[in-house]
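In this note's numbering, the protein residues as written are 1333 to 1765.
Worksheet: the structure to be examined is printed underneath.
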DNA sequence: ACTCCACAGGAAAATTGGGGTA
DNA sequence: TACCCCAATTTTCCTGTGGAGT
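Here you go:
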């Protein structure tokens, strides 16, 4: 008999292919509302034709404004136009946020032979630097080094990393090295020291946020590329655009929403993709963000977050660093994991705060010391679920939350409680502002 | 005005683990 | 195999601090 699943399978493959134009890694041929930026970039990079090295470039703009896509597109066009003369190296500094890994990745992307690739650890920075330099010289042409999320790199050891990498341009003799820096922060340059700033600040291009109608153009064009334009209602496109516009004009989010909406429609055998798909997609999108950021957490951050969630579950009005740390240690015990020091936990708490998974407010509780008051924002049940997907955490059964935190033992019970309730109310109300 | 809690967070030492060299 | 070098991570040690209690 014929496999009854085949018809679905072939359908899926087909749809997956069509939906790749709505994936975040897809680089389109045309960029609506970005022709100014593209023209500027082309003008600057085209100095290669006259055999003079392009100025260094800085691209500014919030996330989802097309910086990365445009940079990739234009630099690829340059490479296509002058294949013998130009090499483009793209590095995401969020993933490679040390001098070491940037240099290794840069070198490895030039080295063609697998066997000569540089190992991901072991070499000295100097040795890698020299090897990269050697490779660059060997090429003797124009190298364009794209540093995406360059601010992540600049923050590391006083921007020394950035300085070393920019120095490549001076040290390379027979090749010319240019840089394209990409960043979300408008004030990025100001945070740099002079020696780095002057090198980088030759040309800059701003990518303004998209408004709703621009987003609609972009979405419509992408939807047309999928060949499913007939299925997608105009109102759905508009809604995606509106949601993206609300999020500082984020095209990435708008496109993701569109893709998820369509996926939901296909899955449910719907004939039309309408607004309700988009609303469903938005929920799914938020959940995916949460799930991914939790999945990507290192083990101890997961345990710590679990401790925060469980603690808040049982004891809403008393979440301070010390208590979460105590419970963290208990969970570590239960999971037979060696626990980390409180100093380290302090840093991990800050990281969780940066990720938006918890909210921390440092404040002084007077007689009861100076600490951070911690809140787990909504979704705590969902967080717990995702946390327990971890293969180490999934043996977690629950712990007894001791109430023996020193704050409560030493202090007069009723008084300390009112103090803390006031504190928590302050925090909650200040968050709403 | 002074104390002192319960940490925050900087600096530096120690540990871990990949990789090279003899 | 023993040993060195190095980056990253974590610990150890430390100084600083806002404000309720006294």
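Every residue, glycine too, gets a C-beta built ideally from N, C-alpha and C.
Every value quoted in this text rests on a predicted model; they were computed, and no experiment measured them.
| Asked | Found |
| --- | --- |
| DSSP state of residue 1393 mapped onto helix, strand, coil | coil |
| Own chain residues within Cβ distance below 8 angstroms of residue 1459, not counting five before or after | none |
| Inside the region 1521-1567 only - alpha helix (DSSP H) runs reaching at least 4 residues | 1526-1532, 1544-1558 |
| Distance, residue 1470 Cα to residue 1350 Cα | 41 angstroms |
| As assigned by DSSP and simplified to three states, the class of residue 1707 | strand |
| Closest residue to residue 1575 among 1611, 1595, 1474 (Cα-Cα distance) | 1611 |
| Residue 1617, enclosing alpha helix (DSSP H) - first and last residue | 1607-1627 |
| Cβ neighbour criterion (16 or more within 10 Å) applied to residue 1515 | buried |
| Where residue 1390 falls, given that 16 or more other Cβ within 10 Å makes a residue buried | buried |
| Inter-residue spacing [alpha-carbon to alpha-carbon] between residue 1432 and residue 1605 | 47 angstroms |
| Short Cβ contact (9 angstroms threshold) for residue 1360 with residue 1399 | no |
| Same chain, Cβ closer than 7 angstroms to residue 1663, five either side skipped, listed in chain order | 1635, 1638, 1639, 1728, 1731 |
| Any 3 or more C-beta pairs closer than 8 angstroms across the region 1477-1485 and the region 1493-1509 | yes |
| Endpoints, the beta strand (DSSP E) within which residue 1422 is located | 1418-1424 |
| Unbroken beta strand (DSSP E) run spanning residue 1474, endpoints | 1474-1480 |
| Nearest-angstrom Cβ-Cβ length linking residue 1539 and residue 1369, presumed shorter than 8 angstroms | 6 angstroms |
| Burial state of residue 1677, where buried means 16 or more other Cβ atoms lie within 10 Å | buried |
| Validate contact between the region 1566-1574 and the region 1382-1396 using beta carbons, cut 8 angstroms, 3 pairs | no |
| Straight-line gap, residue 1546 to residue 1699 (C-alpha atoms, nearest Å) | 55 angstroms |
| Counterpart residues of residue 1581 in DSSP-defined beta bridges | DSSP, once it has assigned bridges, lists no residue as partnering residue 1581. |
| Helix, strand or coil at residue 1693 [DSSP, three-state] | strand |
| Spatial neighbours of residue 1718 in its chain, beta-carbon cut-off 8 angstroms, leaving aside the 5 residues before and after | 1622, 1623, 1626, 1627 |
| Cβ-based burial, residue 1352 [other Cβ within 10 Å; buried from 16] | exposed |
| Same chain only: Cβ atoms within 6 angstroms of residue 1422, ignoring 5 sequence neighbours per side | 1478 |
| Integer-rounded CB distance, given that residue 1653 should sit under 8 angstroms from residue 1704 | 5 angstroms |
| Residue 1550 beta carbon less than 9 angstroms from that of residue 1586 | yes |
| Same chain, Cβ closer than 8 angstroms to residue 1299, five either side skipped, listed in chain order | Nothing about residue 1299 can be read from this structure; the chain reaches only from 1333 to 1765. |
| Environment of residue 1378 [buried if 16+ CB atoms lie within 10 Å] | exposed |
| Residue 1397 vs residue 1544 beta-carbon contact at 9 angstroms | no |
| Beta-carbon contacts of residue 1667 that lie in its chain and below 8 angstroms, excluding the five residues immediately before and after | 1635, 1724, 1725, 1727, 1728 |
| Alpha carbon of residue 1721 to alpha carbon of residue 1629, nearest angstrom | 12 angstroms |
| Whole-number beta carbon distance between residue 1511 and residue 1388, since they are thought to touch under 8 angstroms | 5 angstroms |
| Beta-carbon proximity check, residue 1392 vs residue 1517, cutoff 9 angstroms | yes |
| Top-ranked residue by Cα proximity to residue 1505, from 1588, 1529, 1466, 1561 | 1466 |
| Separation of residue 1580 from residue 1364, as counted between CA atoms | 17 angstroms |
| Reduced DSSP secondary structure (H/G/I, E/B, other) of residue 1511 | strand |
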